[in-house]
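Input: a single structure, listed below in structure tokens.
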Amino acid sequence: MSKKTTKYIFVTGGVTSSLGKGIISASLGMLLKSRGYNVTIQKLDPYINIDPGTLNPYEHGECYVTEDGAETDLDLGHYERFLNSPTSQNNNVTTGRIYQTVIDKERRGDFLGKTVQVIPHITNEIKRRIQILSKENYDIIITEIGGTVGDIESLPYIESVRQLRWELGETNSMVIHLTLLPYLSASGELKTKPSQHSVRQLMEYGVQADVLVCRTEHKIPKDQRAKLAQFCNVSASNVIECLDLPTIYEVPIELRKQKFDEVVLNELCLPVNGEPDLANWKDFLKKYKNPKKSVEIALVGKYVSLQDSYKSISEAFIHAGASQQTEVNIRWVYSGDLENGNVEEILKGIDGMLIAPGFGDRGIEGKIIAARYARENKIPVLGICLGMQVITIEFARNILDMASANSAEFDSATEFPVINLMEEQKNVTEKGGTMRLGSWKCTVKAGTKLYDAYGAKNITERHRHRYEFNSDYIQEFEDQNFIATGKNPDTGLVEAVELKDHPFYVGVQYHPEYKSTVANPHPLFKALVVAAAEYKTNK
Ligand code: GLN
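Residue numbers for the sequence shown follow this note's numbering, so the first one is 2 and each next one is one higher.
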């Protein structure tokens, strides 16, 4: 059987950053997938870091981890949550990675004495990275180009798109340009000029947009739509309006109303058969918008002033909440604020708590105080990664009489290193890509809350950490009802813990939030929401 032709969709952005290219790409991907197409989405990031793994979350939001252990841009989280299919290292490429590959080749002598240049060597590598995914038999690859058209950093990417369009042929690729229509309240008008300019700028680079998606606070009047079409060389039906919506999960529905998916399929000369199957998605939205109850969950972390730092966690609460028809209100708590003897005041009234992942010792003592408050007041808790380490330290200090217990991350000389550096991390000096990363097996102990949540013995979950529960102490913990509930079947590493005599006090060394999608809300988030609702009823 001859290999089918893969079609390429390039998504560029104009006028300003932060217009939501990731959500538009994810929404389009979801609509096409609902029509039976095999779709994946890729993000090209024009920065020089090899990956976002070494970036402070304040710089770029959360670092999202894939099954194969790639540390990636948070947009990949949106892709997975919308498409319900895993991404991989190939779905996120940075300028740093492109250059590293080209420079490594140069050092090996692969260029046979040639001068190595942006054109053609860097652009060839970009094109190769875009096309790598076609080996996986996708019908459609959506490639989101980070940054804004006109940025110096984006130029090699736009040039690669130009070349690829030419090489692949008109009907095998297309460009969607996302732009902003600013609204001038003084004159009561939406302005099209910035969009015209950004489309023209794209044209200067030899790339013609086929579809315009316009972010706007007001509906686009007919004459403005005609103007955009005329001056941007697209047909009026290819001007898609994207109004601000109460939730990102409504975006695909609104885009479908304007037949965005059909416009795209027509451009790619692919058949439009019937309607996309959006029944489950609509059901999710209905439940999300019509909750029967509500809970308030404290998210205790240290990056709370930039909520994108915890994107997958807050989205996982949306999925889990909708599945239970429960509105989950997050109380964002900066753990450092709990260090002044005011825990009661800050946490009063919560129904549940999530202790967030993180690195470094800022705010750690506050997290430990929060853990104690929840343990003593029987408030449901889920501790993720560092959060699990924190509940372990708190228990050691306050129940096991190990007053100076700590993680070796924060006190390398502690007498009680209940959280210790993993054996394979001991000789690691480089920071990038060197943690325990990606999907690992876990065996769940029967008769535990963890088992109740998953309803399964063998699970896999994604990791991103250097430290682990120190198994030398397991007996002392278990003697006091703090038990290991999940273990790696090959190494015996403790992957999950819980307190027996507490309604829900669960810690996991892995990151369940990365696997939560609209179609598959994560069982542990569901369990926390259910436990929080019960706590609220009984209080
Ligand atoms: N800093 C901790 C470790 O490296 C926890 C990491 C995390 O929360 N992702 O083990």
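Using N, Cα and C, we set each Cβ at its ideal position, and we do this for glycine too.
Cα atoms of L77 and N91: separation of roughly 11 Å, rounded to the nearest angstrom. C-alpha of H178 to C-alpha of L185: approximately 22 Å in a straight line. DSSP places T538 within a helical segment (H, G or I) once states are collapsed to three. Annotation: the continuous beta strand (DSSP E) that includes G14 extends over 8 to 14.
A residue is listed when its beta-carbon falls short of 5 Å from at least one non-hydrogen atom of the ligand GLN; in chain order these are P358, F360, C386, L387, R465, H466, R467, Y468. Looking at the backbone, the Cα of S324 and that of F285 are separated by about 7 Å. Taking 7 Å as the cut-off, the beta carbon of K312 is found closer than this to the beta carbon of E63. The DSSP assignment places 459 to 466, 468 to 470, 483 to 488, 495 to 500, 506 to 509 as complete runs of the beta strand (DSSP E) inside the region 454 to 535, in order along the chain (cut-off: 3 residues).
Residue pairing for I331: DSSP places it in a beta bridge opposite I298. Residue pairing from DSSP leaves S86 without any beta-bridge partner. In this structure, DSSP gives I370 a helical state, which the three-state scheme calls helix. G364 is classed as buried because its beta carbon has at least 16 other beta carbons within 10 Å across all chains shown. When DSSP states are grouped into helix, strand and coil, N407 belongs to the strand group. Spanning the alpha carbons of D453 and D111 requires a straight line of approximately 55 Å. With fewer than 16 other Cβ atoms from the protein chains shown falling within 10 Å of its own Cβ, V117 counts as exposed. At the C-beta level, M175 and I10 come within 7 Å of one another.
Residue pairing of M175 in beta bridges, as defined by DSSP: I10.
Looking at the DSSP output, W441 bridges to E462. Ranked by Cα distance from V305, the options Q259, K368, T444 are led by K368. Under DSSP, T217 shares a beta bridge with L182, L244.
Taken atom to atom, the span from the alpha-carbon of G170 to that of N274 is near 23 Å.
DSSP places K34 in the uninterrupted alpha helix (DSSP H) bounded by 22 to 34. Pairing I141 with V40 gives a Cβ-Cβ distance under 7 Å.
DSSP places L165 inside the alpha helix (DSSP H), whose first and last residues are 156 to 169. In its chain, beyond the 5 residues on either side, A409, R467, Y468 have a beta carbon closer than 7 Å to the beta carbon of L422.
With respect to T149, S18 sits close: the two C-beta atoms are nearer than 7 Å. When C-beta atoms of the region 206 to 216 are compared with those of the region 30 to 50, fewer than three pairs fall below 8 Å, so the two segments do not count as touching.
Note: T144 is bridge-paired with F11, Q43 in the DSSP secondary-structure output.
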